[in-house]
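A.B. asks: Provided herewith is a single structure, encoded as C-alpha cells, for subsequent inquiry.
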Amino acid sequence: DAGITQSPRHKVTETGTPVTLRCHQTENHRYMYWYRQDPGHGLRLIHYSYGVKDTDKGEVSDGYSVSRSKTEDFLLTLESATSSQTSVYFCAISATASYGYTFGSGTRLTVV
Amino acid sequence: EDQVTQSPEALRLQEGESSSLNCSYTVSGLRGLFWYRQDPGKGPEFLFTLYSAGEEKEKERLKATLTKKESFLHITAPKPEDSATYLCAAGGYNTDKLIFGTGTRLQVFP
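The following block contains the structure:
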C-alpha cells in the first residue's frame, strides 16, 4: 500500500514472549491506528496516536502497548503474547480524524 | 454506546443483479460515515465518506447514500470483480475514533 508499510507480514511466536509490530508511513499524517481483525468481530481498535508521543487506548487495549517517537513510526508491543492475541493486525493512517483511513497490508500473528 | 451494524452478513448475486448493502449506525453527533472494500488477505481500501443526511457519492457501479440512521451501498449491475467484503464505519464529533461494522461479504457469480 502506497505510503504505509507494516512489518513483519507474518510471525509465529510462543506464548509468553514479547512481540513488536511496526507501522511505517511516508505521508506525514498526524493520526495512526492499530486494529485487530478477527472473524465475527470485525475491526477493533487497539490503540491510536494523534501525534508524536500522544497516544490513547481503544476498545481492546489490554495486553498491548504502543509508542510513537517519530511521526513516521508507530510500534505495537504485545508484552507477553497469549493465544487470544492470534489475529491479523492492521495499521491505518489519516491526515485528520474526518478523513478516510489508509490501511497497511496487515500482519498475521500466530501465538502458539 | 456507539454502534455500527451491517446487513446482510453475506450476499450472493448473479452478475448484473443489482442490490443494496445496509449499514445502521448509532453515533452521537455523526462526524462521518465511511465505506471500505476489503479483498481477502489485504487491508481495507477506502471508498467513500458521507458527512450529512441526504448526501450521495458514486464510484463506477457503487453508490453510497446516507440518512440520519443508516447508510446504503447500492451496487448496480455488479461484476465478479466486485466480489469483496464491504465495511462501513462511523465516527462521532466527540471522538477521534471510528467504529467499524463486521462487514458484508459479497460474492458475484458470472
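The listed protein sequences correspond, in order, to chains L and W.
Using my numbering, read the first sequence as starting at 503 and increasing by one per residue.
Using my numbering, read the second sequence as starting at -2 and increasing by one per residue.
For each residue, glycine too, the CB sits at the ideal point set by N, CA and C.
Since this is a predicted model, take the numbers as computed values, not measurements.
1) Pick out whichever of W:Tyr90, W:Asn91, W:Asp79 and W:Gly89 has its Cα sitting closest to the Cα of Arg9 of chain W.
2) Quick one: is Arg34 of chain W buried, meaning 16 or more other Cβ sit within 10 Å of its Cβ, or exposed?
3) How many angstroms separate the CA atom of Arg538 of chain L from the CA atom of Phe592 of chain L?
4) Can you tell me whether DSSP reads Ser15 of chain W as helix, strand or coil?
5) Comparing the C-beta of Ser563 of chain L with each C-beta of chain W, is any distance below 8 Å?
6) Mind listing the chain L neighbours of Lys39 of chain W? Cutoff is C-beta to C-beta under 8 Å, in chain order.
7) What residues in its chain sit with their C-beta under 7 Å from that of Thr2 of chain W, if we drop five residues either side in the sequence?
8) Determine whether the beta carbon atoms of Lys39 of chain W and Ser563 of chain L lie at a separation below 8 Å.
9) Return yes when the C-beta of Gln104 of chain W is under 7 Å from any heavy atom of the ligand ZN, and no when it is not.
10) Should His512 of chain L be flagged as near chain W, meaning a C-beta pair shorter than 8 Å?
11) Suppose the cutoff is 6 Å on Cβ atoms and the five residues either side in sequence are ignored; what does the same chain contact list for Ala87 of chain W look like?
12) If you compare alpha carbons, which of L:Met534, L:Pro510, L:Thr515 and L:Gln508 is closest to Thr584 of chain L?
13) Run through the DSSP bridge pairs and tell me what Gly26 of chain W is partnered with.
14) Checking the sheet assignment: what are the DSSP bridge partners for Leu44 of chain W?
15) In its own chain, which residues sit with a C-beta less than 8 Å from the C-beta of Leu545 of chain L, not counting the 5 before and 5 after it?
16) For Gln508 of chain L, count neighbouring C-beta atoms within 10 Å of its own C-beta (all shown protein chains included) and say buried if the count is 16 or more, exposed if not.
17) When the cut-off is 8 Å and only beta carbons count, does Gly544 of chain L lie next to chain W?
C.D. replies: In brief:
1) The candidate whose alpha carbon is nearest that of Arg9 of chain W is W:Asp79.
2) Sixteen is the threshold: when 16 or more other Cβ atoms of the shown chains lie within 10 Å of the Cβ of Arg34 of chain W, as they do, the residue is buried.
3) When rounded, the distance between both Cα atoms is 6 Å.
4) The three-state secondary structure of Ser15 of chain W, taken from DSSP, is coil.
5) For Ser563 of chain L, the closest Cβ of chain W is not nearer than 8 Å.
6) At a C-beta separation below 8 Å, Lys39 of chain W has these neighbours in chain L: Ser607 and Gly608.
7) Excluding residues up to 5 positions away in sequence, Ser21 and Gly98 lie with their Cβ nearer than 7 Å to the Cβ of Thr2 of chain W in the same chain.
8) For Lys39 of chain W and Ser563 of chain L, no; Cβs fall outside 8 Å.
9) For the ligand ZN, the structure offers nothing, since it holds no ligand at all.
10) Not closer than 8 Å to any Cβ of chain W, the Cβ of His512 of chain L fails to qualify, so no.
11) Hits under 6 Å: Val1, Tyr22, Val24, Leu30 and Ile96.
12) The option with the nearest alpha carbon to Thr584 of chain L is L:Thr515.
13) Partner(s): none; Gly26 of chain W has no beta bridge.
14) The partner list for Leu44 of chain W (beta bridge, DSSP) is empty, contrary to what the question assumes.
15) These residues qualify, in order along the chain: Tyr537, Arg538, Gln539 and Phe592.
16) Its Cβ being crowded by 16 or more others within 10 Å, Gln508 of chain L is buried.
17) Against chain W, the CB of Gly544 of chain L has a partner CB under 8 Å away; the residue lies at that interface.
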